[in-house]
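Visitor:
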Amino acid sequence: VAFVGRSNVGKSSLINALSARMQRKKEDLAVTSKTPGRTQQVGYFAIAPNNKKKIQAQQHAKNQNVFGYLIDLPGYGWANAPPEAVEQWSQTTQEFLAGRDVDVLR
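Each residue of the sequence shown is one higher than the one before, counting from 1 in UniProt numbering.
(1) Give the DSSP-derived three-state secondary structure of L70 in the structure shown.
(2) Got a sec, what are the start and stop residues for the alpha helix (DSSP H) P83 sits in?
(3) Helix, strand or coil: which one does DSSP assign to A48?
(4) I'd like to check one pair, G77 with S13: are the Cβ atoms closer than 7 Å?
(5) For V1, I'd like the list of residues in its chain whose CB is within less than 8 Å of its CB, leaving aside the five on either flank, ordered along the chain.
(6) Whole-angstrom Cβ separation of G75 and P36, contact assumed at under 8 Å?
(7) Where does A30 sit, in a helix, a strand or coil, going by DSSP?
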């Protein structure tokens with residue numbers, strides 16, 4: 001599941017909330033900030049069973065039993081960064097989406 005949206009709308013925070021719910025502990029996977037433009041590259045977070053057979057999200061899956069991924073994409077639109085950097089993040093997101101079969105939920 002990839003999270004796409006404007007800068008600073010809570011994509012990374014949502015991933016952290018979902019992963020905390022799965023892990024039953026507060027341990028952020030995605031980096032967040034009050035400043036738009038914190039996520040600057042694609043972040044992959046594996047959804048996999050842990051040793052106790054519970055589902056958890058982790059930054060790097062340590063086994064082959066991965067159910068899927070939570071994917072954090074850079075936001076589009078305004079960010080507190082040089083225009084060239086913002087354009088590069090938009091291009092990264094577009095390239096990520098163009099290379100996949102996409103179903104969009106709105």
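The C-beta atom is built at its ideal place from N, Cα and C for all residues, glycine as well.
Guide: Once the coordinates are examined:
(1) strand
(2) P83 to A98
(3) strand
(4) no
(5) G68, Y69, L70 and I71
(6) 7 Å
(7) coil
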